[in-house]
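For the sequence shown, our numbering assigns the number 25 to the initial residue and increments by one for each residue that follows.
Virtual Cβ for every residue (Gly too), placed ideally from N, Cα, C.
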Amino acid sequence: MSEEAKVLIRMSGQEIENEIPVNILVRVLDGMQQIVYLLATAREKRSVGQRFRVPAEMQQLYSLRASIPQPGSYAVPVMLPSDPSSLDVMRNLESFLSCLSDFNFNYIQDIIPDSKLRNRALRETRRFLPKADETWQLAFSRDGSAKELTLTHKSIDAINTWLTQDIPEDAVMTLTGELIRIDFDKHLVVLRYPPTHQEIECIYREELEDSMIENRRQMIQVTGQFTLNDEGHPIKLTDVTRIEFLDLSPINIREISREDRKLRLKMHLVLTPEMDEESKQLLVVEEPQIGLHVFAYTRDELIHEINDQIFMMWDEYASADSDELELDARQLRESLLEKLEEVSSAATKG
């Protein structure tokens, strides 16, 4: 029996057991479809214009088909129409996701030699992977392969690092401001920067074109290489690698992990980010009951800071001898012990 161009996509986590939020399912399946189109384009060595468009014949040949979900976490078998090239694309999809799972990005250049296609594939993958505050994870296995790949939000951090590797770390910043206009011919986004009320031009990379935000008067975040004026304020961003809506939706913390350690919230901790009053550039969250006060420029950075600070307080106070702590510290220790517990990784599903 010949090998089929078929894979199993499995999503698992605390709130996924035989059912899944529709928005996550659509996000993952649509993202996988886009990666398949990009891999097929690379395989056929097609030229890519400024904006990526999938020809009708390619859509017909490489459109994924989803069959009946399997019981368990939430597993969806997907396949391509029977064709020799389809099997090659599925193998490349497995190799591509394996690189992300193992954080081995150098091999991706062999899978997708064209840098424009490669960066598009990485950005598309970043969109459908679990976010830093989402508790599900994505698994992938190809029909006929014994290996199951697992992808979590940590792959997003690795993608971000890879996409900005050519820019010195101290030259990259994220600005938050109101979207004023987009000039597609000049690859230009203009936003109003709250601290100075000035308009700032942000020149984005060409491969961002397909995912550009088209709604006006929205608060957005732009990440790129900055130029400052004499007063230390940014006046221009170039080599922009990321443009996103500002996300101030609640952050739901259920558990946090660090290497082989895990802290679990006895009741979910819901934190609502706000922008700082002075600069309107920092996302801030506070939870006085456990002494949490955290700020960062992006949502992902904020979630990492929340996790780091909770672990720090747990080690500093909850794990300490109460007799050696001052009154305020003892009260914080009691609050932490009331709300959290440390568990072994094996005790947590998924």
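Under a three-way DSSP split, which group does G55 fall into?
Along the sequence shown, one-based indexing puts residue 55 at 31. DSSP places G55 in the helix class (H, G or I) of the three-state scheme.
In its own chain, which residues sit with a C-beta less than 6 Å from the C-beta of V381, not counting the 5 before and 5 after it?
The structure shown does not extend to residue 381, since the chain is modelled only from 25 through 374, so no value can be given for it.
Run through the DSSP bridge pairs and tell me what G248 is partnered with.
Start at 1 with the first residue of the sequence shown, and residue 248 comes out as number 224. Here G248 is bridged, per DSSP, to M197.
Coarse secondary structure for S179, derived from DSSP in three states:
Position 155 of the sequence shown, counted from the first residue, corresponds to residue 179. In the structure shown, S179 sits in a helix (DSSP, three-state: H, G or I).
Measure how close the beta-carbons of P258 and Y217 come, nearest whole angstrom, since I'm counting them as under 8 Å.
Working through the sequence shown from its first residue, we reach residue 258 at position 234. Working through the sequence shown from its first residue, we reach residue 217 at position 193. Going by Cβ atoms, the distance from P258 to Y217 rounds to 7 Å, so yes, they are a contact pair.
Do L104 and L173 have their CB atoms nearer than 8 Å?
As a first step, residue 104 is located in the sequence shown; it is residue number 80 there, counting from the start. As a first step, residue 173 is located in the sequence shown; it is residue number 149 there, counting from the start. It is not a contact, given that the beta carbons lie outside the stated cut-off.
Should I267 and V213 be called a contact, given that it needs their Cβ atoms to be closer than 8 Å?
Translated into positions along the sequence shown, residue 267 becomes position 243. Translated into positions along the sequence shown, residue 213 becomes position 189. Yes, Cβ-Cβ distance for I267 and V213 is below 8 Å.
Indicate the three-state DSSP secondary structure (helix, strand or coil) for L146 in the structure shown.
Within the sequence shown, residue 146 is the residue found at index 122, counting from 1. It is helical.
Nearest to K30 by alpha carbon, out of E366, D324, P154 and P108?
By 1-based counting over the sequence shown, the position of residue 30 is 6. Nearest option by C-alpha distance: P108.
Suppose the cutoff is 6 Å on Cβ atoms and the five residues either side in sequence are ignored; what does the same chain contact list for R282 look like?
Position 258 of the sequence shown, counted from the start, is the residue given in the question as residue 282. Answer for R282: F335, listed in chain order.
Closer than 8 Å by C-beta to L349: which residues in its own chain qualify, once you throw out the five before and the five after it? Chain order, please.
As a position in the sequence shown, residue 349 is number 325, starting the count at 1. Correct list, in chain order: Y341 and R357.
In whole angstroms, what is the alpha-carbon distance linking R166 and D54?
Counting from 1 along the sequence shown, the entry for residue 166 is found at position 142. Counting from 1 along the sequence shown, the entry for residue 54 is found at position 30. R166 and D54: Cα-Cα distance of roughly 18 Å.
Which of helix, strand or coil does DSSP assign to K69?
Your numbering for residue 69 matches position 45 in the sequence shown. It is coil, neither helix nor strand.
Apart from the five residues on each side of it in sequence, which residues of its chain come closer than 8 Å, Cβ to Cβ, to S303?
Position 279 of the sequence shown, counted from the start, is the residue given in the question as residue 303. Cβ neighbours of S303 beyond the five flanking positions: P218 and P219.
Cα separation between Q305 and R205?
On the sequence shown, residue 305 is found 281 positions in, with the first residue counted as 1. On the sequence shown, residue 205 is found 181 positions in, with the first residue counted as 1. Roughly 20 Å between the two C-alpha positions.
Beta-carbon separation of G37 and T159 under 8 Å?
For the purposes of this step, residue 37 is taken as residue 13 along the sequence shown, with counting starting at 1. For the purposes of this step, residue 159 is taken as residue 135 along the sequence shown, with counting starting at 1. Yes. Within cutoff.
When DSSP labels each residue in this structure, what does A163 get in the three-state scheme?
Reading the sequence shown from its first residue, position 139 is the one you call residue 163. A163 falls in the strand class under three-state DSSP.
Mind checking who S281 pairs with in its DSSP beta bridge?
Against the sequence shown, residue 281 aligns to sequence position 257. S281 is bridged to K286.
Whole angstroms is fine: what's the gap from V318's alpha carbon to E362's?
By 1-based counting over the sequence shown, the position of residue 318 is 294. By 1-based counting over the sequence shown, the position of residue 362 is 338. Going by the C-alpha atoms only, they are around 21 Å apart.
If you reduce the DSSP assignment to three classes, tell me which class D300 lands in.
Residue mapping note: residue 300 aligns to position 276 of the sequence shown, counting from 1. Taken through DSSP and simplified to helix, strand or coil, D300 comes out as coil.
Among S169, Y61, I330 and L364, nearest to R288 - alpha-carbon criterion:
Mapped onto the sequence shown, residue 288 falls at position 264. Among S169, Y61, I330 and L364, the Cα nearest to that of R288 belongs to L364.
Continuous alpha helix (DSSP H) stretch holding R266: start and end
Stepping through the sequence shown from its first residue, residue 266 is reached at position 242. In the DSSP annotation of this structure, R266 is not part of any alpha helix (DSSP H); the continuous beta strand (DSSP E) holding it starts and ends at P258 to F269.
Going by DSSP in three states, L307 sits in which element: helix, strand or coil?
By 1-based counting over the sequence shown, the position of residue 307 is 283. If DSSP states are grouped into helix, strand and coil, L307 belongs with the strands.
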